[in-house]
Amino acid sequence: MSEGSALLVDNLAGAKRAFTTRNVDLTQASRIGEASLAPGDVVVARVERVRQHTRLEDQYGRRVWLYPGDRLILVAAPRYSTAQYHADMPSDTGECHLVASGGIAAWVRDRSLQVKPATELTLEGVLLDKDGVALNLKRFQTLPAYEGVSNGRLSTVLVLGSDMDSGKTTTACATIKGLTNAGFRVQGAKLTGTGAGPDYWRMLDAGATHVSDFVDAGFASTSGATTDQILEVLARIHRQALERGNDLLVVEVADGVLQPETSALLASPVFTSFFDGVLVAGDNASAAAFVSERVAMAGMPILAISGALTRSPLAGREVTAATGLPVFTPDQLQSADVVQSVLAPLLRGGDVALGAVE
């Protein structure tokens with residue numbers, strides 16, 4: 000470690016470090032400076048006023064309480080959340096906001112009335128290395144490099160939902176748990192969204208052999224990412240899961256099908272042909288029917304419907320009547336009958352191209 004890095008580490012000894020920075024080697028930082036911010040840059044900010052987010056997920060997943068005057072190590076990135084904040088990249092220095100508990104610094108454009116105004120920050124600057132180059136998540140990627148074609152084919156299930164809080168993660172975790180109970184090795188993944196710990200840890204707790212997300216590919220959030228960029232992340236996660244000897248990969252896509260990045264993915268033949276089956280999560284019968292229609296129009300095979308709507312047996316019967324698709328509660332997705340009849344038949348081998356990503 001250089002003398003400058005050692006001094007900076009001492010200077011930041013009391014700073015609270017966010018979950019989105021978990022892969023970052025802070026010993027590469029020599030000073031805090033000004034730079035034109037790019038998505039993924041690692042920044043230092045000071046808490047001015049605690050509002051919506053009262054706690055920050057640290058690099059180990061613990062939720063630490065925030066107080067005015069706290070210094071935070073965060074990542075600059077936009078956020079797209081219909082239930083919380085629509086936020087842009089922050090300016091180089093000055094006022095900004097904590098828009099996600101996983102550690103995203105941004106400037107709030109507008110917010111849902113379901114949440115309070117965002118916790119207010121002052122951006123001190125970006126972490127720079129000895130050459131004056133900003134530390135960015137792209138430097139600290141942990142996924143294997145994209146190589147274009149796999150040496151084998153790993154069966155892959157996609158979980159899509161009608162919106163935030165429609166039950167996507169619950170559906171993904173129930174699927175992982177059911178397959179794990181049946182003796183299969185399953186990797187979990189979050190392909191899109193905003194960097195955060197709860198879904199990550201929940202998949203591990205469900206029995207996933209490993210969990211990867213877009214942060215491991217250098218994105219603090221995928222808001223504004225191109226379809227090709229997301230497809231490359233998918234291919235790299237798939238390769239990692241294959242190399243780790245898994246039987247199946249369960250991939251969750253954030254938000255709903257009308258979210259810009261998700262909508263673009265559904266229009267991509269590379270994406271729609273990648274998956275062996277789709278589980279639809281809906282918060283109500285109408286929403287689930289709408290998502291199922293969009294997925295079917297994209298030519299993707301739907302395995303079943305689940306999600307928050309399954310709290311009402313009547314809603315489940317409504318959506319089955321409308322779509323002809325089976326509806327399973329999270330408990331049913333974990334059952335041996337559903338695993339054997341719906342999920343286990345997806346398992347297969349063979350050499351298959353992942354699809355070219357420019």
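First residue of the sequence shown? That's 0 in numbering that gives the first Met the number 0, and the numbers climb one at a time after it. C-beta atoms are modelled at their ideal positions from N, C-alpha and C, and glycine is treated no differently.
DSSP, read as helix, strand or coil, puts Asn245 in coil. For Thr179, the CB contacts under 8 Å within the same chain, skipping 5 residues up- and downstream, are Val185, Ala205, Gly206, Ala207 in chain order.
Sequence-distant Cβ neighbours of Phe139 in its own chain, meaning closer than 8 Å and more than five residues away, are Asn22, Val23, Asp24, Gly217. Taking a 10 Å sphere around the C-beta of Lys129, we find fewer than 16 other C-beta atoms and assign the residue as exposed. It is roughly 8 Å from the alpha-carbon of Arg316 to the alpha-carbon of Val326. Under the 8 Å Cβ criterion, the stretch 289 to 309 counts as touching the stretch 264 to 278, having at least three qualifying pairs. Annotation for Val107: the continuous beta strand (DSSP E) segment containing it runs 103 to 110. Close CB contacts of Ser267 within its chain, under the 6 Å cut and outside five residues either way in sequence, are with Thr226 (chain order).
Residue burial is scored here from C-beta neighbours: Arg238 has at least 16 other C-beta atoms within 10 angstroms and is therefore classed as buried. Residue pairing of Tyr84 in beta bridges, as defined by DSSP: Arg110. Per DSSP, the unbroken beta strand (DSSP E) holding Gln186 starts and ends at 185 to 189.
Beyond the five residues adjoining it in sequence on each side, Leu157 comes within less than 6 Å, by CB distance, of Val250, Phe274, Val277 in the same chain, given in chain order. Glu260: member of the alpha helix (DSSP H) spanning 259 to 265, first to last residue. In summary, Gly182 is exposed, with fewer than 16 beta-carbon neighbours lying within 10 Å of its beta-carbon over all protein chains present. With respect to the 8 Å criterion, Gln83 and Phe18 are not classified as neighbours on the basis of their beta carbons.
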